[in-house]
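Mind the numbering: the sequence shown is residues 1 to 198 in full-length UniProt numbering, read in order. Heads up, the beta-carbon is just placed ideally off N, CA and C, and yes, glycines get one too. This structure is a prediction, so every number in the text was calculated from the model and none was measured.
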Amino acid sequence: MRQVLADVLNGDVEAFSRIVQVYQRPIYHYCYHMLSSRSEAEDCAQEVFLKLFRSLRHYDTGKPLEAWLYKIAYHQCVDSLRRRKLTRYLPFFYQRDDDNCHVEREIESTYFNEEVHKAMSRLSPEERNLLILRCVEDKSYDELALIMNKNAAALRKRYERAAVKFRGYYREAKGDVSHDNGKRGSGSEKAVPKRTPT
Numbered sequence: 001m002r003q004v005l006a007d008v009l010n011g012d013v014e015a016f017s018r019i020v021q022v023y024q025r026p027i028y029h030y031c032y033h034m035l036s037s038r039s040e041a042e043d044c045a046q047e048v049f050l051k052l053f054r055s056l057r058h059y060d061t062g063k064p065l066e067a068w069l070y071k072i073a074y075h076q077c078v079d080s081l082r083r084r085k086l087t088r089y090l091p092f093f094y095q096r097d098d099d100n101c102h103v104e105r106e107i108e109s110t111y112f113n114e115e116v117h118k119a120m121s122r123l124s125p126e127e128r129n130l131l132i133l134r135c136v137e138d139k140s141y142d143e144l145a146l147i148m149n150k151n152a153a154a155l156r157k158r159y160e161r162a163a164v165k166f167r168g169y170y171r172e173a174k175g176d177v178s179h180d181n182g183k184r185g186s187g188s189e190k191a192v193p194k195r196t197p198t
């Protein structure tokens, strides 16, 4: 990919199509999970690659291209969300009623429900971005650190807090708040997927 980038920077416009071929699908999927709209995701992904092409000369070749692409995609999705009032989001994970120690995570690419919409709409764009990159795109904390310009250890804590917040909002939307009432700080924050940083 470094050679492809060098070719593009040297004026080989056709070489840019190879970058698009490699990253088009993951960037589209990311935009789709953020926006919950295929048409908007397609438009957003196209804009991401246009912005990438226009700004390539400012790219730090010492850093992964993928990290820069996801930064552009995140800001493009946030702009799209700001332009529309109603937002819908991908469900990430749910906690079983009979399991207080683990979170059951479900990834669904086509089904959306009202409770998930309500829960996700209460999270900040940064929290949604973190959950999508971690749960859907399966990024490591080190990769997240590059994408979001944050410390990996700090991002792990933010992820756990966002997971707990989503679960609480989801329970409220479902009309089941009994599990979290009076348990703030009781250790429920630890009931999140435990992954080894890579």
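When the Cα of residue 217 is compared with those of L81, R171, R54, which residue comes out closest?
Since the first and last residues shown for the chain are 1 and 198, residue 217 lies out of range.
Limits of the alpha helix (DSSP H) - the one that K157 falls within:
152-174
Count the other CB atoms within 10 Å of the CB of K139; is the residue buried (16 or more) or exposed (fewer)?
K139 is classed as buried because its beta carbon has at least 16 other beta carbons within 10 Å across all chains shown.
Suppose the cutoff is 6 Å on Cβ atoms and the five residues either side in sequence are ignored; what does the same chain contact list for V78 look like?
Excluding sequence neighbours, V78 sits near P125.
Closer than 7 Å by C-beta to K71: which residues in its own chain qualify, once you throw out the five before and the five after it? Chain order, please.
I147
Give the straight-line distance between the Cα atoms of Y59 and R161, rounded to the nearest whole angstrom.
32 Å
Where Y23 falls: helix, strand or coil (DSSP)
helix
Going by other Cβ atoms of all chains shown within 10 Å of its Cβ, with 16 needed for buried, is F49 buried or exposed?
buried
Just verifying my parser: in three-state terms, what is the DSSP assignment at L86?
Only weak support exists for where L86 lies, its pLDDT of 42 falling under 50; the coordinates are left without a value.
Buried or exposed: where does S80 fall if 16 or more other Cβ atoms within 10 Å of its Cβ makes it buried?
buried
Cβ pair count under 8 Å reaching 3, the region 118-133 against the region 40-48
no
Does the Cβ of L9 have 16 or more other Cβ atoms within 10 Å, making it buried, or fewer, making it exposed?
exposed
Look up K63 in the DSSP assignment and say whether it is helix, strand or coil.
DSSP places K63 in coil when its eight states are reduced to three.
C-beta contact flag for K165 and E137 at 8 Å
no
Using a threshold of 8 Å, state whether the C-beta atoms of L69 and L52 are closer than that.
Yes. Within cutoff.
When the distance is taken between beta carbons, is L65 closer than 8 Å to M1?
Yes, these two residues count as a Cβ contact at 8 Å.
Cα separation between N129 and S37?
Cα to Cα, N129 sits roughly 16 Å from S37.
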